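Quick notes on the structure that follows.
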Amino acid sequence: MEIRYATNPEDMKTYTTEKLRDDFLIESLFVKGEVNMVYSHYDRVIVGGVIPTTEELKLDGGDALRTDYFLERREIGIVNIGGKGKVTVDGEEYPLNKRDCLYVGLGKKDVTFHSDDPSSPAKLYIVSANAHKEYPTQVLPIKEAQPTKLGSDAESNNRTIYKYIHGEGIQSCQLMMGMTLLEPNNMWNTMPAHVHDRRMEVYLYFDMDEESRVFHFMGEPKETRHLLVKNEQAILSPPWSIHSGVGTNNYTFIWAMAGENYTFKDMDFVKMEDLK
């Protein structure tokens, strides 16, 4: 498991492009036959990618967590962005089609990942946060998730938001998770920008072709930077940072948050005139 430390916003002002990418961009999450994870010191969130093929893969924190099993003091959200698969939790199977979400709560000991067809494997994106209370394991298929339409073609941000894990959906301790789909010919997300100093956020960009890119904007509102992001790469967004982007084509992204509170709407919007 790779460890990423927190960054002071004053220090970030001096970063080169390479240093910015090293600290905030996760470039290679999904590798066939592997479980890859990054431990962030922003609210101690763990981000991971799993592609099981012919053999099942096991959720294991190794020495990084110093616990007897991964979910001893944690909860986890899982979204499948690939072929059909399943997650087995303490012997119970949970099938996942593309864009379905599974929440697994505190205390579950044995979590394994499987693909129905190794030639078209599942790609299981995972985000885990610390937990202090057990909540039930629960699946929410994309077809049962409540869509929220936002934006417009005129603003190039016509999009649909699906909230999976949140106060009015799947219950958790602190983890919130959902997905945003941009319609064709729409490229902007989360603009006007905002920050939420009480929690961090993680973005995973996907459903992009090989040549497409997203310019992900981050940094303090008066000191912005950008990262160039490819398909199936993730961004760690600090609490003090904006998190907005524009793509060369439309795309889909999964957002996940953890931190001080559990209120989805707790965000501080930034006026366009204040962005620099």
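Using the numbering used here, read the sequence shown as starting at 169 and increasing by one per residue. Using N, Cα and C, we set each Cβ at its ideal position, and we do this for glycine too. As the structure is a prediction and not an experimental result, all values here were calculated from the model.
Take residue i and list the residues in its own chain whose beta-carbon comes closer than 8 Å to its own, dropping the five residues that flank it on each side.
| i | result |
| --- | --- |
| F437 | P360, A361 and H362 |
| R366 | P407, G427, E428, N429 and D434 |
| S409 | P177, V363, M386, G387 and E388 |
By a C-beta neighbour count over all protein chains shown, 10 Å radius and 16 as the cutoff for buried, is residue i buried or exposed?
| i | result |
| --- | --- |
| K277 | exposed |
| M205 | buried |
| I214 | buried |
| N418 | buried |
| G427 | buried |
| E378 | exposed |
| T185 | exposed |
| Y173 | exposed |
| S412 | buried |
| T358 | buried |
With C-beta atoms as the reference, is residue i less than 7 Å away from residue j?
| i | j | result |
| --- | --- | --- |
| S283 | A290 | yes |
| V272 | T305 | yes |
| N354 | N326 | yes |
| V247 | I422 | yes |
| T328 | F374 | no |
| M368 | Y262 | no |
| D190 | T175 | no |
Could you say which of the options lies nearest to residue i if we only look at CA atoms?
| i | options | result |
| --- | --- | --- |
| K252 | M344, V215 and L264 | L264 |
| S208 | P407, Y373, T431 and T348 | P407 |
| K311 | M347, V397 and R234 | M347 |
| Y330 | K317, A322 and D321 | K317 |
| G337 | D321, Y303 and E351 | Y303 |
| E170 | R212, T182 and T185 | R212 |
| D321 | E351, P309, N298 and H300 | E351 |
| K390 | L443, N429 and G415 | L443 |
| R267 | G230, D228 and P315 | P315 |
| E195 | R381, K439, G229 and L227 | R381 |
| H300 | E243, K433 and T175 | E243 |
| A424 | V397, H364, E388 and G387 | H364 |
| G201 | N176, G335 and S288 | S288 |
| I249 | S405, G335, P177 and C269 | C269 |
| D236 | M440, E260, L274 and E223 | L274 |
Within its chain, find whatever has a CB closer than 7 Å to the CB of residue i; leave out the 5 residues flanking it on each side and keep chain order.
| i | result |
| --- | --- |
| L188 | R393 and L395 |
| V218 | V203, L225, F281, L292 and I294 |
| F198 | G217, I219, K291 and E400 |
Cutting at 6 Å between CB atoms, please list the residues of its own chain near residue i, excluding the five before and the five after it.
| i | result |
| --- | --- |
| I450 | Only positions 169 to 444 of the chain appear in this structure, which leaves residue 450 out of reach. |
| S414 | The sequence given here places Val at residue 414; Ser does not occur at that position. Taken in chain order, the residues that qualify are M355, W356 and F383. |
| V397 | Y373, V382 and H384 |
Would you say residue i lies against chain D (beta-carbon separation less than 7 Å)?
| i | result |
| --- | --- |
| E195 | Absent from the structure: chain D. Only one protein chain is present. |
| request: Report the residue ranges of all beta strand (DSSP E) runs contained in full by the segment 341 to 389; include only those spanning at least 3 residues, in chain order. | output: 344 to 350, 367 to 374 and 382 to 388
Sequence ranges, beta strand (DSSP E) only - wholly within the segment 289 to 323, length at least 3:
For the segment 289 to 323, the continuous beta strand (DSSP E) assignments of 3+ residues that do not extend past its boundaries occur at 292 to 298, 306 to 308 and 315 to 318, in sequence order.
So within the segment 176 to 219, which uninterrupted alpha helix (DSSP H) runs reach at least 4 residues, ignoring any that extend past its ends? 177 to 180 and 185 to 192
Check your understanding: In the segment 224 to 294, which residue ranges form an unbroken beta strand (DSSP E) of at least 3 residues, counting only runs that do not cross its ends?
Key -> 242 to 248, 253 to 257, 260 to 264, 269 to 272 and 279 to 283
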